[in-house]
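Just so we're aligned: 291 in the UniProt record's numbering is position 291 of the sequence shown, and the numbers increase by one with no gaps anywhere. The structure appears right after this line, and notes come after that.
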Amino acid sequence: MNEGIAQSLPSKGMVLIAGNSHPEFAKLVAKYLSVPLGSVSVGPKSNNETGVEINETVRSRDVYIIQTGTKNVNNDIMELLVMMYACKTSDARTINVIMPYLPYCKQSKMRKRGSIVSHLLARLFCRTGLNRMITIDLHKKEIQGFYNVPVDNLRASSFLIQYVTSNVSDYRNAVIVARNAAAMQRATSYSERLRLPLAVIHGEEHSESERSDGRNSPPPLQLSGGGDSAVAVEGGRTSGDEKSRRSRLDSARYSRPGQYQGMNYFPPLMAKEKGPMHLVGDVSGRIAIIIDDMIDDVEQFAAAATELKERGAFRVIVMATHGLLSADAATKIEASDINEVVVTNTVPHEVQKMQCHKIKTVDVSVLIAEAIRRIQNNESMSYLFAHVTCDD
1 MNEGIAQSLP SKGMVLIAGN SHPEFAKLVA KYLSVPLGSV SVGPKSNNET
51 GVEINETVRS RDVYIIQTGT KNVNNDIMEL LVMMYACKTS DARTINVIMP
101 YLPYCKQSKM RKRGSIVSHL LARLFCRTGL NRMITIDLHK KEIQGFYNVP
151 VDNLRASSFL IQYVTSNVSD YRNAVIVARN AAAMQRATSY SERLRLPLAV
201 IHGEEHSESE RSDGRNSPPP LQLSGGGDSA VAVEGGRTSG DEKSRRSRLD
251 SARYSRPGQY QGMNYFPPLM AKEKGPMHLV GDVSGRIAII IDDMIDDVEQ
301 FAAAATELKE RGAFRVIVMA THGLLSADAA TKIEASDINE VVVTNTVPHE
351 VQKMQCHKIK TVDVSVLIAE AIRRIQNNES MSYLFAHVTC DD
């Protein structure tokens, strides 16, 4: 390359921009980094299509886009995709997305005849030009494997633990509670770091069966003990004439290996059924701190708080990273036995805080700011994962 042209190339700087999902969080990150937020116009056009205009150069620069998942999750995703594509077509050097709460992370496994939406989202992001994803406390850590670019899954546990030690009086008299078996790993981590006992709630408020898989195909053909005839059970009806039965018998012998001469190789699996809610552990006279990764529908948390109060807990605190607080969650919290709800600011919830005085917020914007600084300066990220184990 000509030396004069090389000297005239713009410096490889960074640009920090944000969508409409959480502008307050983006301003806090920019403040910690001492960089201005880039000028970008994002919003719906007259026909409700998402329009984006980036009002400064991003050519040959590292772009960091801050966008989280809110109640308008599909608009948030579309805004992000259009911003990413605008940066890609404007020849940005790298495109780094900061999503403190990654939407659709609860849809990370196959159910019925559905789809793994979090995998679809990962493919969309990567095809649109994503070079790196930064998020906080994924619902399932395996989601990182859906991406073919680096995914930094930061942890907010140190901030929440600091809140407990600094703001919960007599926290040494507390007990960490897992709301269900799925939250046991996270609760165990908090229990070991705070040196507090552990309890777990099992069952549901109303006893009910597990959700059915939904794929109800007809059962296998049933052969008689002698192997000379067959009865096909399809929708509860017996097959027709002799010719049809012979045909079904041959089909059963060669294409249904699970049924042979009356021996049933497909014994039915008994359906799961959760018992009534009960507590394993002692909370009498203690502060009960329920740990989870997100608070969305609060009915089960409210039921757990009632169970804990009945077992002797004199105070119940619910603590999670992501405070989605959908629908009328704030009203339900206010009317429940929950004394305090502690969440981080990965998702905006200012309206819910005005409706419920029990909701407290822990700021984690400095965590994102430090991650951006280290990435931009090509520094190691290992400090941000110090003492983080596979169970965290």
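The C-beta atom is built at its ideal place from N, Cα and C for all residues, glycine as well. The structure displayed is predicted, hence computed values, not measured ones.
In this structure, Thr306 lies away from Thr321, with their beta-carbon atoms at least 7 Å apart. Here the alpha carbons of Met270 and Phe159 stand approximately 43 Å from one another. Apart from the 5 residues on each side of it in sequence, Asp363 sits with its Cβ closer than 6 Å to the Cβ of Asn345 in its chain, given in chain order.
Counting only runs of 3+ residues, the beta strand (DSSP E) found wholly inside the segment 282-342 occupies 287-295 and 315-323, in chain order. Closest in alpha carbon position to Arg179, among Ile143, Val168 and Ile290, is Ile290.
Annotated three-state conformation of Leu16 is strand, per DSSP. Excluding residues up to 5 positions away in sequence, nothing lies with its Cβ nearer than 7 Å to the Cβ of Leu120 in the same chain. Annotated as distal: Val347 and Leu367, with beta-carbon spacing of 7 Å or more.
In the three-state DSSP reduction, Val151 falls in the strand class (E or B). By the neighbour-count criterion, in which a residue is buried when 16 or more other Cβ atoms sit within 10 angstroms of its Cβ, Glu79 is buried. In the DSSP assignment, Leu198 falls within the unbroken beta strand (DSSP E) covering Leu198 to His202. Per DSSP, the continuous alpha helix (DSSP H) segment holding Thr89 begins and ends at Val73 to Thr89. Taking all protein chains shown into account, Gln185 has fewer than 16 neighbouring C-beta atoms within 10 Å of its C-beta and is therefore exposed. Judged by their CB atoms, Tyr85 and Thr128 are nearer to each other than the 7 Å cut-off.
The Cβ atoms of Ile201 and Ala369 do not sit closer than 7 Å to each other. Annotated three-state conformation of Tyr64 is strand, per DSSP. Under a 10 Å Cβ-count criterion, Arg286 is classified as buried, with 16 or more other Cβ atoms of the shown protein chains found around its own Cβ. Counting along the chain, Arg373 sits inside the alpha helix (DSSP H) bounded by residues Ser365 to Gln376.
Under the 10 Å beta carbon count, Cys390 is surrounded by fewer than 16 other beta carbons and is classified as exposed. With contacts defined by Cβ atoms closer than 7 Å, Val177 and Tyr171 do not form a contacting pair. When the Cα atoms are used, Ile66 and Val82 turn out to be separated by approximately 13 Å. Rounded to the nearest angstrom, the Cβ distance from Pro150 to Arg123 is 16 Å, too far for a contact under 8 Å. Val29 has its alpha-carbon roughly 15 Å from the corresponding atom of Ala156. Under DSSP, Lys360 takes part in a beta bridge, and its partners are Val342. Looking at the DSSP output, Leu279 bridges to Ile201. Cβ-Cβ distances below 6 Å link Lys88 to Gly129 in the same chain, with the five nearest sequence neighbours on each side left out; the list follows chain order. Under the DSSP definition of a beta bridge, Ile176 partners with Leu198 and Ile289. Here the alpha carbons of Glu350 and Val280 stand approximately 35 Å from one another.
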